[in-house]
Amino acid sequence: MKVIQLEYFIEIVHQNSFTKAAQALHISQPSLTATIKKMERDLGYQLLKRTTKEISITEKGIQFYNEAVELVKHY
């Protein structure tokens, strides 16, 4: 897994939105969504619950987020 992927996930959690995170990261929303879906596939579990109106972080997503923040901080 690449640091940029961790940064993408962290930004989504901070913005609570794929669209807002994509804008902040200067990438397309479909590209960001594809990156997160690939991460979830590679990890074998869902990080975020998605509906048409909102996203929420799963329990495993919270654990992953905390670890990602620490890794990025020390990178």
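Under the UniProt record's numbering, the first residue of the sequence shown is numbered 1, with each subsequent residue one higher.
Ideal Cβ placement from N, Cα and C applies to all residues, glycine included.
Would DSSP call residue i helix, strand or coil?
i: I10; result: helix
i: I57; result: strand
i: K2; result: coil
i: L32; result: helix
i: H74; result: helix
i: I27; result: coil
i: Y65; result: helix
In or out: residue i buried (at least 16 other Cβ within 10 Å) or exposed?
i: A68; result: buried
i: I12; result: buried
i: G44; result: exposed
Could you name the residues that DSSP lists as bridge partners for residue i?
i: R50; result: I55
Which same chain residues, not among the five before or five after residue i, have their C-beta less than 6 Å away from its C-beta?
i: T33; result: F18
i: N16; result: none
i: T52; result: none
Ordered along the chain, which non-local residues of its own chain (more than five positions away) have a Cβ less than 7 Å from that of residue i?
i: Q5; result: T35, M39
Quick one: what's got a C-beta closer than 8 Å to residue i's C-beta in the same chain, skipping five residues either side?
i: F64; result: F9, L43, L47
i: S56; result: L48, K49
i: S28; result: A22
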